[in-house]
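Participant:
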Amino acid sequence: MRLHIKLETLCHIIEKAREFQAKEEVVLPDSPASPTEDWALQLLADHSDDYTLLEMTHAIGGMSERQRAELVALMWLGRGDYGIEEWESAVDDAIGDYSLNAAGYLLSHPMVSDDLEEGLIAHGYSCQD
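Residue numbers (the numbering used here): 44 to 172.
(1) Measuring straight from C-alpha to C-alpha, what distance separates Asp135 and Val115?
(2) Taking the alpha-carbon positions, what's the Ala133 to Trp119 distance?
(3) Do the CB positions of Phe63 and Leu96 come within less than 8 Å of each other?
(4) Please classify Lys49: does DSSP put it in a helix, a strand, or coil?
(5) From what residue to what residue does the alpha helix (DSSP H) around Glu113 run?
(6) In the DSSP assignment, the alpha helix (DSSP H) including Gly139 goes from what residue to what residue?
(7) Using CA atoms only, rank isn't needed, just tell me which of Ile103, Gly104, Glu58, Ala102 is closest to Met154.
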């Protein structure tokens, strides 16, 4: 159950997600109709000149499909959708649509930074180290 993403990169993404979603002008719907709804893409388009968002999307965009799938699976693990023993299943489930639009999908979840951190902790890692 080794992660294929450097801890430094994961912590950078968590920090940028936290910074971006803390901004007052970022508004996320309370309850999106579906995970593939295109409002997440609109959110990215509305803030395309935001440096924090650009840093985060650049970091995610430079990842392999496996790494992007792990990032999505890490969020799912952190919010309790999967257990650590189901890690490979979570990664397999994230490959495809979720991994192709990982930045938009992740940012569509208001607690993504906390969920990613919890996923790291489940793997025995922390950004505090």
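Where is the CB? At the ideal position from N, CA and C, for every residue including glycine.
Facilitator: Taking the geometry as given:
(1) Against the sequence shown, residue 135 aligns to sequence position 92. Against the sequence shown, residue 115 aligns to sequence position 72. Near 10 Å, if we compare the C-alpha coordinates of Val115 and Asp135.
(2) Residue numbering aside, residue 133 sits at position 90 when the sequence shown is read from its first letter. Residue numbering aside, residue 119 sits at position 76 when the sequence shown is read from its first letter. Rounded to whole angstroms, Ala133 to Trp119 spans 8 Å at the Cα level.
(3) Position 20 of the sequence shown, counted from the first residue, corresponds to residue 63. Position 53 of the sequence shown, counted from the first residue, corresponds to residue 96. Cβ atoms of Phe63 and Leu96: closer than 8 Å.
(4) Locating residue 49 in the sequence shown gives position 6, where the first residue counts as 1. Three-state result, Lys49: coil.
(5) Position 70 of the sequence shown holds residue 113. Start and end: 108–122.
(6) As a working mapping, residue 139 is identified with position 96 in the sequence shown. Here Gly139 belongs to no alpha helix (DSSP H), and DSSP marks it neither H nor E.
(7) Within the sequence shown, the letter at position 111 stands for residue 154. If we check each option's Cα against that of Met154, Glu58 comes out closest.
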